[in-house]
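Undergrad:
As structure tokens, this is what we get:
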């Protein structure tokens, strides 16, 4: 019955209020369905949101050096494929080969979705979940950081 | 049935109150449906506000260098007599004279309640309100700062 | 040494004096206005006493309340800092009367240097070069005309009691003289309560070079080299350095000797600064003497390895300086930038407010003197100085690149500051070559080139 | 000069290196672990790249990820700071292989000094005094017995690959020798993967005095005087000073010459430190050489007016040092206190947490090197150094009183720090007289006298 989905607009509004109040270092708002705790840090805002009935979701403000296209928030059903090492992201095994996956494709757990080249080695990266690739976040042949989100997989896809 | 949406205006109003109160570092407000806790950027003074049902709000904020018994805020009906200059507080005109006032005395507006000696001059200090002296906050012959509360007058006294 | 000292000031200089006291083992009393209840000097001092409402006239200039505090808390010395009561001979005298040591020169020395025309005469008599001009005040137009004829135009009309550019007029022709005298007199009367005027030859595009001196009560006077303070805006110094760029050691020694002579001539004691105008041909002229510690004293401390405020205490208590002129050795180069809460993009308008984040620069060769901390609210009642950043380098180039680095890493959130202005000066090719003069900012800095403010 | 440099480190030393790069006009790349996303070095660098999860083995020690970052971002130099990969000859070699300049000595020099027994032999051959003991490693008990007989008890058994007190045993009698050899060997094998041991005469109550050297690639080596690092706790330095107290200039010159000889003997380049043990009779013995920048380098910078990290870059790029030994002049005295997030009231246990308020000290003669700011959360994965406070004084007494003052005004809220411990040392009469030795803390400091923690 109860709507359990997070109201992201509400969270954004609270963070905005905290951001816009220069005197405020921390702000905590608790309602029967939602608890939002905002702590301001130099150079950004850190927010912890918990739903009494659900799981905590952490929201990181964009880092000082924004990682290319790191999504700020992923819903429960969107799982990122992240880079397990530093290197160069490639969508295909060779320049003239077709890409491993494209947006809209279904992937199985363990399926190779891209390659990261590091130290002249080509490392195949596998999806850890089954689902549909809804977005590829990194341009082909771009450098990627450790932990950077490479693509988003929708696990609720049929 | 109950309105579950966060009342953002209410949050803003609470932050504004905290911001506008220079002595307040943290503010927590709790109602049956909402709890708001604000921590201001650290500044040195910490205020604790509590609102037991029916009682007036009490704020106590000891300054960095505690002035002798200076209450920062008094209830609406308690008016402090404050020192208009730096000097030495005397309750009587001469060491062997009776004090101008004692706790429990009624005073009229303009009535001399004490003396502050500064630069060898004896300055008579008058009450600016009519009421009953409920407390004398400073020891006889003590040094007093500018603005220091010397005594409290209860203006609701009959 | 003193047992307990009251600092009759606020802001960074109050903090500076407290630091010196702590290193000397002197207990400290801070005084503060209602607006400074959370100020750093209040938190750092051993005792603190509120002396009045926010307005300076009723607090930091309130002599009765300050003296009452001094007596009530039993202090044996008062340090006036700079500004407020620092150059008030009456205040210095009151301290003397109640047997509290005023950490500064005797009232007579303050008074002489407070009257510009009198100071000029006295210096001339002592053999310190002054700008050619009138012997003391001019009484009427015909006297003024005679002076103008002998020194030549352009000349400058100045108020004896003057300061900050008021009661001052540059006159280029004989025809303009009468009107200039009239308006300067009216302005001086309104501003200082005295219409007394004197005349000087107008030095075009001068440099402002000053000498730090130290004098003890045993007739010993030394100087600690010179500072260049030519980077000014409306007579406010914004950047100072030591030694002055592009100047020979011999020239600085000559300035130093003149400054020491000036101090001897008025029986000066304590720290003081003799300011000179230096023209394009390298002639120098006595301008005025500041009878107090100055904002820019740290650049001298950095290159000489001295602690001027501690030495000020030492001589105030009657000890000998303990340093001879031969002991003073200049090492490297130091620059100070005054970081003010002013918006250089909007005509340097003061910008009080709350400092949401304050991360001062650090690392090698960087000194910061400040009273600001994260969360501090800048009151609107006093000056806008937030912090002094001083950098030291083995040479001027290193001091400059280090200052650039330090200012770039200085994080001050919540209020606009003069840092973008300073970065422009530091990057200016004329500045880098050491080509500075008191109208440098008007001539060389295009303030409109400052990037538009992010938050607008 | 380099175009772009990667700092393979974190914390205050990463900030220190970035500052040097900014002053030299070099672009900077910070690398960071997941735990350091909000670290100051990440905010200060021109570019920043995440290289792994919090554990150092997978991030700051992760050579593949660091080298990938270096290649992807096109850096031409890597500065390793101290700790982590700074003394890993393999890392230095990889940099060489891919044509990226490693800002440090050549791999061979790192490797020689990494093997304590080999270093000892090499130094002895070069005429640098070493503690009497075995010629290189001892192969068996009978060899050890012979050595012990010739140098006399007590002796110390050490691991060739050792460090941090592991694989070390003091032996007072012949009877204890066998067991000591066995346990030290087992410990060394477990800790370093090598059970190789050597023997030295045990120097009782020694001082730890080290010499900062600088060597360029043109065969020029100079030293920048000495530091005393005797104030230690469990082999961790806590307070360092320069020059060493109570030591003649002549002695320091002799140490300096030995250190320069040591550097020449292994074709050293870059900045480095030669550590000596000094016994009660004033004999000195080579202990080890640190082939990297050290935590305590700022005290040397303060008294010599040099910037060691910038000089390190200069020689790494192949330039000449540009300073002769004769140019090096020591002025005044400098002390460093390492302020750690450790609770000296509870056996110095590390105390990670969030720093609610951080107001570093300032004013004359104070330098702070830190990566901490108000609101910073100290991650539990790395060392506990919060800030280095360095004070300079015209003499040792001034440096000490200034350090007292600076530490007293240092406001760090939210985590316990070692400041109360440092204040105890600074107030200690033996310390004030300069009577220091490596067991000073055990002998002279009563940690139980620290006032109980306010918050308990």
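Protein chains in written order, with the UniProt record's numbering: chain A, 1 to 158; chain B, 1 to 158; chain C, 1 to 456; chain D, 1 to 456.
All C-beta atoms in this analysis are idealised placements derived from N, C-alpha and C, irrespective of residue type, glycine included.
Given the structure is predicted, the values throughout are model-derived calculations rather than measurements.
So, using beta-carbon positions, are residue 47 of chain D and residue 29 of chain D closer together than 7 Å?
TA: Here residue 47 of chain D corresponds to residue number 47 of the fourth chain, with the count starting at 1. Here residue 29 of chain D corresponds to residue number 29 of the fourth chain, with the count starting at 1. Going by C-beta atoms, residue 47 of chain D is nearer than 7 Å to residue 29 of chain D.
Undergrad: Does residue 106 of chain A come out as helix, strand or coil in the three-state DSSP assignment?
TA: Within the first chain, the letter at position 106 stands for residue 106 of chain A. Here residue 106 of chain A sits in strand by DSSP.
Undergrad: So, for residue 105 of chain B: in the same chain, excluding its five sequence neighbours on each side, which residues have a beta-carbon less than 8 Å away from its beta-carbon?
TA: As a working note, residue 105 of chain B is residue 105 in the second chain. Result list for residue 105 of chain B: 132 and 133, in chain order.
Undergrad: Find the residues of chain A that neighbour residue 36 of chain B, judging by a C-beta separation of less than 9 Å, and give them in chain order.
TA: The sequence position of residue 36 of chain B within the second chain is 36, counting from 1. Result: 27, 28, 29 and 30.
Undergrad: State yes or no: is the C-beta of residue 393 of chain C within less than 7 Å of the C-beta of residue 402 of chain C?
TA: Here residue 393 of chain C refers to the residue found at position 393 of the third chain. Here residue 402 of chain C refers to the residue found at position 402 of the third chain. It is a contact, given that the beta carbons lie within the stated cut-off.
Undergrad: Is the CB of residue 60 of chain C under 7 Å away from at least one CB in chain D?
TA: Position 60 of the third chain, counting from 1, holds the residue named residue 60 of chain C. Judged by the 7 Å Cβ criterion, residue 60 of chain C is not in contact with chain D.
Undergrad: Hey, is residue 254 of chain C's beta-carbon within less than 7 Å of any beta-carbon in chain D?
TA: As a first step, residue 254 of chain C must be located in the third chain, where it is residue number 254. Answer no: the Cβ-Cβ gap between residue 254 of chain C and chain D never drops below 7 Å.
Undergrad: From this set, D/156, D/176 and D/173, which residue's C-alpha is nearest residue 520 of chain D's C-alpha?
TA: Residue 520 of chain D lies beyond the residue range present for chain D, which begins at 1 and ends at 456; the question has no answer from this structure.
Undergrad: Going along the region 32–44 of chain D in order, which residues come within less than 7 Å of chain A, judged by CB to CB distance?
TA: Correct list: 34, 37, 38, 42 and 43.
Undergrad: Taking CB distances under 7 Å as the criterion, tell me whether residue 139 of chain A reaches chain D.
TA: In the first chain, the residue the question calls residue 139 of chain A occupies position 139. No, residue 139 of chain A lies away from the interface with chain D (no Cβ there is under 7 Å from its Cβ).
Undergrad: So that I know if they touch, is there some Cβ in chain C lying closer than 7 Å to that of residue 363 of chain D?
TA: Here the question's residue 363 of chain D lines up with position 363 in the fourth chain. Closer than 7 Å: yes.
Undergrad: Assign residue 248 of chain C to buried or exposed, taking buried as 16 or more other Cβ atoms, counted over all protein chains shown, within 10 Å of its Cβ.
TA: Counting from one through the third chain, the residue named residue 248 of chain C turns up at place 248. Result: exposed.
Undergrad: Can you grab the Cα-Cα spacing for the pair residue 2 of chain D / residue 200 of chain D, in whole Å?
TA: The residue given as residue 2 of chain D occupies position 2 in the fourth chain. The residue given as residue 200 of chain D occupies position 200 in the fourth chain. Distance between the alpha carbons of residue 2 of chain D and residue 200 of chain D is about 43 Å.
Undergrad: Between which two residues does the beta strand (DSSP E) containing residue 529 of chain D stretch?
TA: Absent from the model: residue 529 of chain D. The displayed extent of chain D is 1 to 456, so no value can be given.
Undergrad: To be precise: take each residue of the region 398–422 of chain D, compare its Cβ to all Cβ atoms of chain C, and keep it if any distance is under 9 Å. Which residues remain?
TA: From the region 398–422 of chain D, only 398, 401, 402, 404, 405, 406, 408, 409 and 411 have a Cβ closer than 9 Å to chain C.
Undergrad: Just to confirm, are residue 271 of chain D and residue 312 of chain D a CB contact at a threshold of 7 Å?
TA: Taking the fourth chain and counting its residues from 1, one reaches residue 271 of chain D at position 271. Taking the fourth chain and counting its residues from 1, one reaches residue 312 of chain D at position 312. Against a cut-off of 7 Å, the Cβ pair of residue 312 of chain D and residue 271 of chain D comes out as a contact.
Undergrad: Give the single residue among C/268, C/434 and C/318 whose Cα lies nearest to the Cα of residue 111 of chain C.
TA: Working through the third chain from its first residue, we reach residue 111 of chain C at position 111. Here the closest residue by C-alpha is C/268.
Undergrad: In this structure, how does DSSP classify residue 160 of chain D when only helix, strand and coil are distinguished?
TA: On the fourth chain, residue 160 of chain D is found 160 positions in, with the first residue counted as 1. DSSP places residue 160 of chain D in coil when its eight states are reduced to three.
Undergrad: Report the rounded CA-to-CA distance for residue 409 of chain D versus residue 143 of chain D, giving the unit in angstroms.
TA: On the fourth chain, position 409 is the one that residue 409 of chain D refers to. On the fourth chain, position 143 is the one that residue 143 of chain D refers to. One C-alpha to the other measures close to 56 Å.
Undergrad: Given a cut-off of 7 Å on the beta-carbon distance, is the pair residue 51 of chain D and residue 31 of chain D in contact?
TA: Your numbering for residue 51 of chain D matches position 51 in the fourth chain. Your numbering for residue 31 of chain D matches position 31 in the fourth chain. It is a contact, given that the beta carbons lie within the stated cut-off.
Undergrad: By DSSP, does residue 201 of chain C sit in helix, in strand, or in coil?
TA: One-based indexing of the third chain puts residue 201 of chain C at position 201. Strand at residue 201 of chain C.
Undergrad: State yes or no: is the beta carbon of residue 104 of chain B nearer than 7 Å to at least one beta carbon in chain C?
TA: As a working mapping, residue 104 of chain B is identified with position 104 in the second chain. No, no contact with chain C.
Undergrad: Tell me the DSSP secondary structure of residue 178 of chain D in three-state form.
TA: Stepping through the fourth chain from its first residue, residue 178 of chain D is reached at position 178. Of the three classes helix, strand and coil, the one that applies to residue 178 of chain D here is helix, per DSSP.
Undergrad: Taking the alpha carbon of residue 364 of chain D as the reference point, which residue from D/205, D/390 and D/419 has its own alpha carbon closest?
TA: Here residue 364 of chain D refers to the residue found at position 364 of the fourth chain. Out of D/205, D/390 and D/419, D/390 has the C-alpha closest to the C-alpha of residue 364 of chain D.
Undergrad: So for residue 72 of chain A, helix, strand or coil by DSSP?
TA: As a working mapping, residue 72 of chain A is identified with position 72 in the first chain. At residue 72 of chain A the pLDDT is 37, less than 50, meaning the model places this residue with poor confidence; the figure from the coordinates comes in the next sentence. Residue 72 of chain A falls in the coil class under three-state DSSP.
Undergrad: Check for me: the alpha helix (DSSP H) holding residue 443 of chain C runs from which residue to which?
TA: Within the third chain, the letter at position 443 stands for residue 443 of chain C. It spans 440–444 - the alpha helix (DSSP H) in which residue 443 of chain C sits, taken as one unbroken run.
Undergrad: With 7 Å as the C-beta to C-beta threshold (strictly closer), list the residues of the region 83–101 of chain A near chain D in chain order.
TA: Answer set for the region 83–101 of chain A: 85, 86, 87 and 88.
Undergrad: Once you ignore the five residues that flank residue 335 of chain D on each side, which residues in its own chain have a CB closer than 6 Å to its CB?
TA: Translated into the one-based positions of the fourth chain, residue 335 of chain D becomes position 335. These residues qualify, in order along the chain: 241, 391, 399 and 403.
Undergrad: Residues of chain C with a CB under 8 Å from the CB of residue 336 of chain D: which are they?
TA: Position 336 of the fourth chain holds residue 336 of chain D. Chain C residues near residue 336 of chain D: none, gap ~12 Å exceeds 8 Å.
Undergrad: Got a sec: does the ligand FMN put a non-hydrogen atom nearer than 6 Å to the Cβ of residue 89 of chain C?
TA: Inclusion of the ligand FMN in the displayed structure is not the case, the ligand content being empty and no account of it being possible.
Undergrad: Residues of chain D with CB under 8 Å from residue 151 of chain A, in chain order?
TA: Taking the first chain and counting its residues from 1, the one referred to as residue 151 of chain A is at position 151. Result: empty, since nearest Cβ-Cβ is about 18 Å, beyond 8 Å.
Undergrad: Residues in the same chain with beta-carbon distance under 6 Å from residue 209 of chain C, minus the five sequence neighbours each way, listed in chain order, please.
TA: Walking along the third chain from the start, residue 209 of chain C turns up at place 209. Closer than 6 Å at Cβ, skipping near neighbours: 226, 228, 244, 276 and 278.
Undergrad: Give me the DSSP bridge partner(s) of residue 142 of chain B.
TA: In the second chain, the residue the question calls residue 142 of chain B occupies position 142. According to DSSP, which records beta bridges pairwise, residue 142 of chain B is partnered with B/89.
Undergrad: By the 10 Å Cβ neighbour count, where 16 or more other Cβ atoms means buried, how is residue 149 of chain A classified, buried or exposed?
TA: Locating residue 149 of chain A in the first chain gives position 149, where the first residue counts as 1. So residue 149 of chain A ends up on the buried side.
Undergrad: Run through DSSP, which three-state label would residue 128 of chain B get?
TA: Along the second chain, one-based indexing puts residue 128 of chain B at 128. Here residue 128 of chain B sits in coil by DSSP.
Undergrad: Using DSSP with H/G/I as helix, E/B as strand and the rest coil, what is residue 113 of chain D?
TA: Translated into the one-based positions of the fourth chain, residue 113 of chain D becomes position 113. Three-state DSSP puts residue 113 of chain D in a helix.
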